[in-house]
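**Q** All letters in the sequence shown, in the order written, are residues 51 to 308 by my numbering.
Don't be surprised by glycine CBs; every beta carbon is placed ideally from N, CA and C.
Here the structure is a predicted model, which means the values were calculated and not measured.
Please find one structure pasted underneath; my questions will follow.
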Amino acid sequence: HLLGKLAPGESYKIDNKAREKKSCRCGCKVTPVFDGTGIGHEQVWHGFIDIVFSSHLGIHSMANAVLDIEENISKKRRVDEQDETKNDDSPGGKTITEVKQALSENMLSQAIAQTIVFSLVQKQKHPEFLHHMIPNIVISPEKLEIMMYDSDNDVLLCSNPILLFNLDLPDDRTLIDETVLIIWMVLHYRIFCSGLNKANPYLLERCKSNFRQLVASKWDIYSKSLKSCVPGFPSVEKWPISELIQCGKKLKFESDDF
C-alpha cells in the first residue's frame, strides 16, 4: 500500500507468481495488477521481480511505456523472440522492489543480480536514456536497502540498512518520515537522479563492479539478448552472482569527490 501510493501515478504490477493474489491488506480494497515480471535469459541469470513500478508520468518519453502496460495487461504473452518484439512492455524508466522476510546475504545476492540485470535490460530497450542508473528497493518487514546499478559505467551502489519504523515508539509503530521521503525520491528517480556520466573519473573507477569481467564469455548475452516481462523460464541452473558481495567494500568519499 505504501509503495503503491508513493509510486508515480500509483501505477505498478506484481509478479503473477505471488502466492496470495488478494486485495491490499490495509483495507483500502485496491486490487493490484498481477503480470509477468521475469527478466534475464535462460542461459545466464534470470528471475522474477516482486513489484515493478511505472516511471514518472511527467516525462513524455515514459508515458507510452505506461500506457502500454495498461493496454496489454490482459493479453497473454508467449516466451519467444517474436512475442518480445511485438510487446514493448519493457521496464523502461521503472523502479523495482524486492519484498523479503529478512535481508540475509543470500537474499541480497539475489537482489544484486536483479538490480544489475534490470539496468542492462533497460539499456537494451531504451538506449536513448541520458543515463541507466536504475534503483531497486529491497524491503523487509523492519527495514529496507536501496541498490542502484549504472550499466553505462558499471557502477553498483548499495545503501546501509534504513529503518522503516520509529524505534522510540515500540507500542505505536509509526513510519519514519525520512524513510518515506527516501522511498518517494527513489520511486521518482527520473526526476532526482542525474546519473554518473559527469562524475569524477577517479570516483567512477573506485566504484566499478567489474561485472563484465565476472561474467566473461556470457557478456554478449547480458549486453544484447536479455528478455523482460517473461511469464516463465525453462528450468536450468542459474549463474551465481555472490562474488559481487564478496568483492564489495564500504566506500568513503570527501565532498570534493563529486
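Going by C-alpha distance, which of His182, Met235, Val149 and His176 is nearest Lys193?
**A** Locating residue 193 in the sequence shown gives position 143, counting from the first residue. That would be Val149, whose Cα lies nearest to the Cα of Lys193.
**Q** If you draw a straight line from the alpha carbon of Arg223 to that of Ile196, how long is it in whole angstroms?
**A** As a working mapping, residue 223 is identified with position 173 in the sequence shown. As a working mapping, residue 196 is identified with position 146 in the sequence shown. Each residue's alpha carbon lies about 22 angstroms from the other.
**Q** What does Asp85 pair with, by DSSP beta-bridge criteria?
**A** Mapped onto the sequence shown, residue 85 falls at position 35. Partner(s): Asp65.
**Q** Would you kindly work out how many angstroms separate the C-alpha atoms of Gln132 and Ile226, rounded to a whole number?
**A** Position 82 of the sequence shown, counting from 1, holds the residue named residue 132. Position 176 of the sequence shown, counting from 1, holds the residue named residue 226. Per-residue confidence for Gln132 stands at a pLDDT of 39, beneath the threshold of 50, marking its modelled position as unreliable; no derived number is given.
**Q** May I have the straight-line CA-CA distance separating Ser124 from Leu217, to the nearest angstrom?
**A** Position 74 of the sequence shown, counted from the start, is the residue given in the question as residue 124. Position 167 of the sequence shown, counted from the start, is the residue given in the question as residue 217. In this predicted model, Ser124 has a pLDDT of only 35, less than 50, meaning its place in the structure is not dependable; the value taken from the coordinates is given anyway. So the alpha carbons of these two residues sit roughly 43 angstroms apart.
**Q** Buried or exposed: Ile166, going by 16 or more other Cβ atoms within 10 Å of its Cβ?
**A** Within the sequence shown, residue 166 is the residue found at index 116, counting from 1. Result: buried.
**Q** Would you identify the three-state DSSP class for Phe215, choosing helix, strand or coil?
**A** Translated into the one-based positions of the sequence shown, residue 215 becomes position 165. It is a strand residue.
**Q** May I have the straight-line CA-CA distance separating Ala249 from Leu170, to the nearest angstrom?
**A** Along the sequence shown, one-based indexing puts residue 249 at 199. Along the sequence shown, one-based indexing puts residue 170 at 120. One C-alpha to the other measures close to 20 angstroms.
**Q** Assign Ile241 to one of two classes, buried (16 or more other C-beta atoms within 10 Å of its C-beta) or exposed (fewer than that).
**A** Translated into the one-based positions of the sequence shown, residue 241 becomes position 191. Ile241 comes out exposed.
**Q** Alpha carbon to alpha carbon, how far is Gln93 from Asp130? Give it in angstroms, no decimals.
**A** Position 80 of the sequence shown, counted from the start, is the residue given in the question as residue 130. Position 43 of the sequence shown, counted from the start, is the residue given in the question as residue 93. Its pLDDT being 38, under 50, Asp130 is placed unreliably in this model, and the coordinates cannot settle the point.
**Q** Flag this pair as yes or no: are the beta carbons of Gly54 and Gln164 separated by less than 9 angstroms?
**A** As a working mapping, residue 54 is identified with position 4 in the sequence shown. As a working mapping, residue 164 is identified with position 114 in the sequence shown. Contact: no.
**Q** Please work out which residues of its chain come closer than 7 angstroms, Cβ to Cβ, to Glu60, disregarding the five sequence neighbours upstream and downstream, and give them in chain order.
**A** By one-based count along the sequence shown, residue 60 stands at place 10. Cβ neighbours of Glu60 beyond the five flanking positions: Gly54.
**Q** Quickly, what does DSSP pair Pro185 with across the bridge? List them, please.
**A** Position 135 of the sequence shown, counted from the start, is the residue given in the question as residue 185. According to DSSP, Pro185 bridges with Met198.
**Q** When the Cα atoms are used, what is the spatial distance from His91 to Trp234?
**A** As a position in the sequence shown, residue 91 is number 41, starting the count at 1. As a position in the sequence shown, residue 234 is number 184, starting the count at 1. Distance between the alpha carbons of His91 and Trp234: 31 angstroms.
**Q** I need the DSSP call for Asp138, collapsed to helix, strand or coil.
**A** Here residue 138 is taken as the residue at index 88 of the sequence shown, counted from 1. Low per-residue confidence applies at Asp138: pLDDT is 43, beneath 50, and the placement is therefore not dependable enough to give any value.
**Q** Whole angstroms is fine: what's the gap from Leu237's alpha carbon to Val280's?
**A** Translated into positions along the sequence shown, residue 237 becomes position 187. Translated into positions along the sequence shown, residue 280 becomes position 230. If I take the Cα positions, the gap works out to 23 angstroms.
**Q** Could you give the residue range of the beta strand (DSSP E) that holds Ser41?
**A** The requested residue 41 does not occur in the structure, where the chain is confined to residues 51 to 308.
**Q** Taking Cβ positions only, does Ile101 come closer than 9 angstroms to chain B?
**A** Going by chain labels, chain B is absent from the structure shown, which holds only one protein chain.
**Q** Using the Cα positions of Ile109 and Glu70, report the straight-line distance between them to the nearest angstrom.
**A** Walking along the sequence shown from the start, residue 109 turns up at place 59. Walking along the sequence shown from the start, residue 70 turns up at place 20. Low confidence applies to Ile109: its pLDDT is 30, below 50, so where it sits in the model is not reliable enough to give any reading.
**Q** In the DSSP output, what is His176 paired with across the bridge?
**A** Within the sequence shown, the letter at position 126 stands for residue 176. Answer is none; His176 lacks a bridge partner.
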